[in-house]
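Trainee:
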Amino acid sequence: MARPVYPASSTAPIAARPDWVFAYGSLMWNPGFATPRSLPARLPGWHRAFCIRSEHYRGTREKPGLILGLLPGGVCRGMVHRLPADDYARVRTYLWDREILNDGVYLETVRPVILADGTRIEALVYLANRSHLQYAGKLPHAEAARLIRQGVGATGRNLDYLVNTVEQLEAHGFRNPSLHALLDAVRDHRLSPA
Numbered sequence: 322m323a324r325p326v327y328p329a330s331s332t333a334p335i336a337a338r339p340d341w342v343f344a345y346g347s348l349m350w351n352p353g354f355a356t357p358r359s360l361p362a363r364l365p366g367w368h369r370a371f372c373i374r375s376e377h378y379r380g381t382r383e384k385p386g387l388i389l390g391l392l393p394g395g396v397c398r399g400m401v402h403r404l405p406a407d408d409y410a411r412v413r414t415y416l417w418d419r420e421i422l423n424d425g426v427y428l429e430t431v432r433p434v435i436l437a438d439g440t441r442i443e444a445l446v447y448l449a450n451r452s453h454l455q456y457a458g459k460l461p462h463a464e465a466a467r468l469i470r471q472g473v474g475a476t477g478r479n480l481d482y483l484v485n486t487v488e489q490l491e492a493h494g495f496r497n498p499s500l501h502a503l504l505d506a507v508r509d510h511r512l513s514p515a
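The sequence shown stops at residue 515 when you use my numbering, and every number in between is there.
The following block contains the structure:
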């Protein structure tokens, strides 16, 4: 059986109707909707990276922050949230507005994810839009830490975004060494003498 091809679009929501959304950053601790169920999950073929300059949510145009995106390769551990059947259309619109409409730094698609028990499900996924002007790619560690230190935007400090991501992963038994190293770099700078 041929593997399905999943479209990605930055101009309109995809027509697919998945029951789940994959969360790997702020959607883990702040989905913004009442979900009937949340479960640990992993997304094969993609990895989490601080690769998008934030000029709205976690920074400004003058002092951008740095937020997570999904890039090809590896595996990403996170969560899936079930979309509520009785409020499905509104939640899909909310997710589109949150992840795509404001600045288009993500591409909406559907991908297979794997639950802790090995069950495979289809989930809505937001990938980094590598053709977007705010796409930063994989920055040197020191530059990523600098952007995270300076970033403050409409939803708060960029440092809080990083801390919350690390805490959510740990709460579900996951440890991401690169995120811990980045957090240590941001905190070490804060504690060092000026």
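Glycine is no exception: its CB is placed at the ideal position from the N, C-alpha and C atoms.
Closest to Arg413 by C-alpha separation, out of Gln489, Tyr447, Pro385 and Ile435, would be which residue?
Mentor: The count along the sequence shown starts at 1 and reaches residue 413 at position 92. Among Gln489, Tyr447, Pro385 and Ile435, the Cα nearest to that of Arg413 is on Tyr447.
Trainee: Within the same chain, show all residues whose beta-carbon is closer than 6 Å to that of Gly439, passing over the 5 residues directly before and after it, in chain order.
Mentor: Counting from one through the sequence shown, the residue named residue 439 turns up at place 118. Taken in chain order, the list of residues that qualify is empty.
Trainee: Reducing DSSP to helix, strand and coil, say where Glu383 ends up.
Mentor: Translated into positions along the sequence shown, residue 383 becomes position 62. Glu383 falls in the coil class under three-state DSSP.
Trainee: From which residue to which residue does the alpha helix (DSSP H) around Ala337 run?
Mentor: Here residue 337 refers to the residue found at position 16 of the sequence shown. Counting along the chain, Ala337 falls outside any alpha helix (DSSP H), and DSSP gives it neither H nor E.
Trainee: CA-CA distance, Gly386 and Leu503?
Mentor: Numbered from its first residue, the sequence shown carries residue 386 at position 65. Numbered from its first residue, the sequence shown carries residue 503 at position 182. Spanning the two alpha carbons is a distance of roughly 14 Å.
Trainee: Does Pro498 come out as helix, strand or coil in the three-state DSSP assignment?
Mentor: For the purposes of this step, residue 498 is identified with residue 177 of the sequence shown, where counting begins at 1. The answer is helix: DSSP assigns Pro498 an H, G or I state.
Trainee: Am I right that His510 and Ala466 are in contact with their C-beta atoms under 8 Å? What's the rounded C-beta distance?
Mentor: Start at 1 with the first residue of the sequence shown, and residue 510 comes out as number 189. Start at 1 with the first residue of the sequence shown, and residue 466 comes out as number 145. Confirmed, about 6 Å.
Trainee: Mapping DSSP to helix, strand and coil, what is Thr430?
Mentor: In the sequence shown, the residue the question calls residue 430 occupies position 109. Three-state DSSP puts Thr430 in a strand.
Trainee: I need the boundaries of the beta strand (DSSP E) containing Tyr415, first residue and last residue.
Mentor: Start at 1 with the first residue of the sequence shown, and residue 415 comes out as number 94. Premise fails: Tyr415 lies in the alpha helix (DSSP H), Tyr409 to Trp417, not in any beta strand (DSSP E).
Trainee: On the three-state DSSP scale, how would you describe Glu376?
Mentor: Position 55 of the sequence shown, counted from the start, is the residue given in the question as residue 376. Reduced to three states, the DSSP call for Glu376 is coil.
Trainee: Go through its chain and collect everything with a Cβ distance to Glu420's Cβ below 6 Å, but skip five positions before and after it.
Mentor: By one-based count along the sequence shown, residue 420 stands at place 99. Contacts found: Tyr427 and Tyr447.
Trainee: What does DSSP give as the partner residues of Arg398 in its beta bridges?
Mentor: Here residue 398 corresponds to residue number 77 of the sequence shown, with the count starting at 1. For Arg398, which the question treats as bridged, DSSP gives the partners Arg363.
Trainee: Which class does His462 belong to by DSSP, given the choice of helix, strand or coil?
Mentor: Position 141 of the sequence shown, counted from the start, is the residue given in the question as residue 462. It is helical.
Trainee: Considering Ala492, what are the terminal residues of the alpha helix (DSSP H) in which it resides?
Mentor: Indexing the sequence shown from 1 puts residue 492 at position 171. Residues Asn479 to Ala492.
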